[in-house]
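The opening position of the sequence shown corresponds to residue 848 in the working numbering, with each subsequent residue numbered one higher.
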Amino acid sequence: MMKLARKQVQALTPYLSARRIGGSGDVWLNANESPFDNEYQLNFSRLNRYTSCQPEDMIKAYAAYAGVSAGQVLTTRGADEGIELLIRAFCEPGDDAILFCPPTYGMYAISAETIGVERKIVPLKPDWQLDLTAIGQNLNDVKVVFVCSPNNPTGNLVSKEDIITLLEMTRDKAVVVIDEAYIDFCPEASVVDLLAEFEHLAILRTLSKAFALAGLRCGFTLANAALIEVLQKVIAPYPVPLPVEEIARQALSESGLARMKFQVLDLNANRAYLQAGLGMIPGVKIYEGWGNFMLVEFPDGDALFKATWDNGIILRNSPIENCVRISVGNREECEKTLTFIRNYYQ
Ligand SMILES: *Cc1c(COP(=O)(O)O)cnc(C)c1O
């Protein structure tokens, strides 16, 4: 059957999501999920009807939360669908390219490859900030530039000044996408205010991380109305299942937002706990993180990863030598993980 598929698809290595990798154990800190399992009410009626393409209440609620107008919000099936829509809408397969800066989120490359769009790779500098000179030299044919802040898997914020320079370099040439999947853990670092100045800026958001709704598959793209209008041409006709709309509305209600903010404080405190505890182990280097995860460098990253895995503590290995990405779980999960690693190095 594979022979029938497009050449591009035959050659494709699919995204190895934490779910696909598997594992078994009782501490799951490999997918940057929230440990909080909140309760939602579902009212299953109206399922005989198609849903609205962009449910008004849900859009208004997210716009109010993000501090933008309703016309600047598009909801998608996870931020991942936003990535795909941006590439499909702006890149001509075979002619145009996307540009991204590894180490970073893997789906920019995979979405582009799936669609048949070239990928230009400009690695981050050793301090994990943008290499603006190299980006400037590689902008030929680039229609979409992806920047992730806080960056997955390194955890750092990308300098806002650099983002502004990048936006100035790309005006009338390319769309700049800032992936803010983790911004709810450090909302003051958002670049949402730059929408007022830049027509070619798009910001990706999701309910998967701080809102503890990874299983809901709900994300948002924030941009000016003219850019949203382009994306609306390529989005599926009914992208928002009714249960998603109902749960998103509850999550974005006043009480839902209050609960999310409380949970963020809790997780940020757990991150500080992990950071302090791991930082005291000789030979272990912590990279300060701004999302619900942190990157940690061990003397022997692969061996440590395997030892935790074999003991039911599932972390995420990373492409960076000796580095392991640890999601911030509840306090008990963090304690178990810290205790195991401390003993491992004794
Ligand atoms: C988790 C994640 C996403 C995907 O979010 P979904 O809304 O679950 O599709 C996008 N970007 C980054 C950087 C992520 O870590």
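Virtual Cβ for every residue (Gly too), placed ideally from N, Cα, C. Predicted model only: the values in this text are computed from it and were never measured.
Which residue or residues does DSSP assign as beta-bridge partners of residue i?
i	result
D1026	C995, L1051
V989	A944
W875	I1161
G1103	Paired residues: none, contrary to the question.
Is any non-hydrogen atom of ligand 1 found closer than 7 Å to the C-beta of residue i, if you look at the structure I gave you?
i	result
Y820	Past the boundaries of the shown model lies residue 820; the chain is included only from 848 to 1193, so the question cannot be answered.
C1033	no
A926	yes
L1069	no
A1028	yes
L1121	no
Y862	no
L971	no
N879	yes
A1215	In the structure as shown, the chain begins at 848 and stops at 1193. Residue 1215 is therefore absent and cannot be evaluated.
Y952	yes
G1002	no
K850	no
T898	no
S958	no
G1066	yes
T922	no
N999	yes
T961	no
T1053	yes
K967	no
C948	no
K1183	no
For the beta strand (DSSP E) holding residue i, just list the boundary residues, first then last.
i	result
R966	965–968
Y1134	1132–1134
S1174	1170–1174
M1141	1140–1144
I1094	Here I1094 belongs to no beta strand (DSSP E); instead the alpha helix (DSSP H) covers 1089–1098.
L921	920–923
F1067	1066–1070
Could you check if residue i is buried or exposed, using at least 16 other CB atoms within 10 Å of its CB as the buried criterion?
i	result
Q1110	buried
F993	buried
G1002	buried
K850	exposed
Y897	exposed
S958	buried
I968	exposed
Just to confirm the assignment, what range does the alpha helix (DSSP H) spanning residue i have?
i	result
V1038	From DSSP, V1038 is part of no alpha helix (DSSP H); its letter is neither H nor E.
C1181	1178–1191
I1010	1007–1017
Y912	903–913
K854	854–857
A981	979–984
Y955	954–962
A865	865–868
At the 8 Å Cβ level, is residue i part of the contact set with chain B, yes or no?
i	result
Y887	Here there is only one protein chain, and chain B is not present.
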